[in-house]
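Structure first, then comments.
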Amino acid sequence: MNSDLFALKRRLKYAAFTGKSQEKKRIEAKVPVSFLLSQGFEKAGEFTFFRRKVIEEHGFPQSAARLIPGTYTCRELVFFDLETTGLSGGAGNYFFLIGLGFLEGSSLIVEQVFLADYPGEAEYLDYIRERLKRGKVFVSYNGKSFDSHLLRMRFQMNGREYKLAEQIDLLYWARRLWKKTLPDCSLKSVEAGVLGINREDDVPGYEIPDIYFSYLRAGDTGPLPRVFEHNLQDILSLVKLYILVEDILSGHQFPPVTDSRALGCWLLKECDATGVNVLKRGFAGGDAGSGRELSLYYKRAGLWLLALPLWRELVENYRSISAVVELAKYYEHREKEPEKAYYWLDKVFAWDLPLSPLLRSELLKRRERLIRKLSS
DNA sequence: ACCCGCGTATAGCCGGGTAG
DNA sequence: CTACCCGGCTATACGCGGGT
Numbered sequence: 001m002n003s004d005l006f007a008l009k010r011r012l013k014y015a016a017f018t019g020k021s022q023e024k025k026r027i028e029a030k031v032p033v034s035f036l037l038s039q040g041f042e043k044a045g046e047f048t049f050f051r052r053k054v055i056e057e058h059g060f061p062q063s064a065a066r067l068i069p070g071t072y073t074c075r076e077l078v079f080f081d082l083e084t085t086g087l088s089g090g091a092g093n094y095f096f097l098i099g100l101g102f103l104e105g106s107s108l109i110v111e112q113v114f115l116a117d118y119p120g121e122a123e124y125l126d127y128i129r130e131r132l133k134r135g136k137v138f139v140s141y142n143g144k145s146f147d148s149h150l151l152r153m154r155f156q157m158n159g160r161e162y163k164l165a166e167q168i169d170l171l172y173w174a175r176r177l178w179k180k181t182l183p184d185c186s187l188k189s190v191e192a193g194v195l196g197i198n199r200e201d202d203v204p205g206y207e208i209p210d211i212y213f214s215y216l217r218a219g220d221t222g223p224l225p226r227v228f229e230h231n232l233q234d235i236l237s238l239v240k241l242y243i244l245v246e247d248i249l250s251g252h253q254f255p256p257v258t259d260s261r262a263l264g265c266w267l268l269k270e271c272d273a274t275g276v277n278v279l280k281r282g283f284a285g286g287d288a289g290s291g292r293e294l295s296l297y298y299k300r301a302g303l304w305l306l307a308l309p310l311w312r313e314l315v316e317n318y319r320s321i322s323a324v325v326e327l328a329k330y331y332e333h334r335e336k337e338p339e340k341a342y343y344w345l346d347k348v349f350a351w352d353l354p355l356s357p358l359l360r361s362e363l364l365k366r367r368e369r370l371i372r373k374l375s376s
């Protein structure tokens, strides 16, 4: 489906009626006003429809706002999600539904703006721009790559500039925290695996463009409510996910599937002392990767006395090759005790694990050198 | 069909240490 | 002194995967 051509045809269709009153009649006949009103929308323009839901929620992070840049607060967050005519980033794509979420006290306000037909896009965008004014930080799922560009593009194509100042994209947080433990990091998988949300009767994303086209072409409004619902659920999940990530970062929650190694490393990189605690907890929970990262952190900090017991534990309980190598390096180069270095390195060969050729040759080289040192 | 941020792997550089 | 080697850090290249 070439949506560019399609959009052009829609424009011509309305343009064909020259008389003002005639045009209006035609529009009113084509836009299913009563259907949209029945869905809780109100008319906000010739083609623009708006509805709002207030959802009572608890547990909004009021103080611990680790994700929010600058001096903004969570009152200035706007959660947003678009339903579009396709995935491709080309100019022919546009969006016909935007969901916005705002936090207000203990409530979540979800606003949805629907474009009843393409010729109304300019007024639709102007209306959305007004609604977006209160939001300073945009929260999305993959919005940095998808939604924000489409949004900007549509404003641009209509001769209006719009820039999303600050953005928080939760996709990257989901990857960081659950890439190892979930089959994938689609919003759906995160909902099911972490948030405990299982959508019933959800519209698969790929069906959405066709549903909208079929509505435009044949006036088929039947499946539209499910699209509105899908968009609403996306906003709700976005908010829940945002709260969960804030909770994890402030140490209030730590779902069992969370990758403590990745989180700990990220925190350490951000010079955050809680990174050490996260890695400690991960290692205590049996994650060797967390122990390894913690030991390397101690090594970088020159805290050998803290690193050494970790390496020994990693060798004894997890048969960690990297820990063996670290112990061998330590004794060969730092303590100048090649016999101790050899003692540890030899364990790797005793284990008789399958090794990649590269790693194997590296280990052999190290052993050769130690043998030379020992015999001289 | 598209974009883009992120994680991972690899190469290269530098400083320190050592053998000859 | 020189030539080399090792380890650690940084820069760059690459590929993945999510949105409708």
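Going by the numbering used here, 118 is the number at position 118 of the first sequence; the sequence numbering is gapless. For each residue, glycine too, the CB sits at the ideal point set by N, CA and C.
Relative to Glu123, the option among Phe283, Phe47, Arg175 whose CA is nearest is Phe47. In the three-state DSSP reduction, Gln112 falls in the strand class (E or B). Between the alpha carbons of Leu364 and Ile371 lies a gap of roughly 10 Å. A straight line joining the alpha-carbon of Phe213 with that of Pro225 spans about 15 Å.
Excluding five sequence positions before and after Pro338, the CB atoms of its chain that fall closer than 6 Å to its own CB belong to Glu332, Leu370, Lys373, Leu374, given in chain order.
By the C-beta density criterion, Trp351 is exposed, having fewer than 16 other C-beta atoms within 10 angstroms.
Residue burial annotation: Asp117 is buried, with at least 16 other C-beta atoms found within 10 angstroms of its C-beta. According to the DSSP assignment, Asp147 belongs to the alpha helix (DSSP H) that extends over 147-157. Annotated as distal: Val113 and Lys53, with beta-carbon spacing of 8 Å or more.
Looking at the backbone, the Cα of Lys30 and that of Pro119 are separated by about 12 Å. In this structure, the beta-carbon distance from Phe95 to Glu104 does not fall below 8 Å. Counting only runs of 4+ residues, the alpha helix (DSSP H) found wholly inside the region 318-367 occupies 321-329, 338-351, in chain order. Cβ neighbours of Ala192 within its own chain (closer than 7 Å, five residues either side excluded): Asn198. Counted as a single uninterrupted DSSP element, the alpha helix (DSSP H) harbouring Lys188 occupies residues 187-190. Contact between Phe79 and Val33 does not hold, since their C-beta atoms are separated by about 28 Å, which reaches or exceeds 8 Å. Only buried fits Leu150, as 16 or more other CB atoms lie within 10 angstroms of its CB.
DSSP places Gly291 inside the alpha helix (DSSP H), whose first and last residues are 288-300. In the pairwise beta carbon analysis, the region 67-81 is classified as touching the region 234-253: at least three pairs are separated by under 8 Å. Boundaries of the alpha helix (DSSP H) around Glu246: 224-249.
Leu103: member of the beta strand (DSSP E) spanning 95-104, first to last residue.
Distance between Ser189 and Arg319, taken at the CA atoms: about 33 Å. Gln156 counts as exposed, since fewer than 16 other beta carbons sit within 10 angstroms of its beta carbon. Of Glu368, Gln233, Leu171, Ala288, the smallest CA-CA separation from Asn317 is found for Ala288. The region 30-56 is shown to contain whole alpha helix (DSSP H) runs of 4 or more residues at 33-38, in chain order.
As the crow flies, the alpha-carbon of Glu57 is around 6 Å from that of Ser106. Distances from the CA of Phe254 to each of Lys269, Leu268, Thr274 were compared; the closest alpha carbon is that of Thr274. Around the beta carbon of Gly101, 16 or more other beta carbons lie within 10 angstroms, which makes this residue buried. Counting along the chain, Ile68 sits inside no beta strand (DSSP E), nor does DSSP assign it H or E at all. Remark: C-beta atoms of Arg261 and Gly282 approach each other more closely than 8 Å. Setting aside the 5 residues that flank it on each side, Phe35 is surrounded in the same chain by Thr221, each with a C-beta closer than 7 Å to its C-beta; the list follows chain order.
DSSP places Asp272 in the coil class of the three-state scheme, outside both helix and strand. Straight across, the Cα-Cα distance linking Gly219 with Glu246 is about 43 Å.
Pairing Trp311 with Leu294 gives a Cβ-Cβ distance that is not under 8 Å.
Its Cα nearest to that of Leu187, the residue Gly143 stands out among Ile68, Asp210, Gly143, Glu207. Assigned with DSSP and collapsed to three states, Val139 falls in strand.
Residue state for Phe213 is assigned as helix, using DSSP reduced to three classes.
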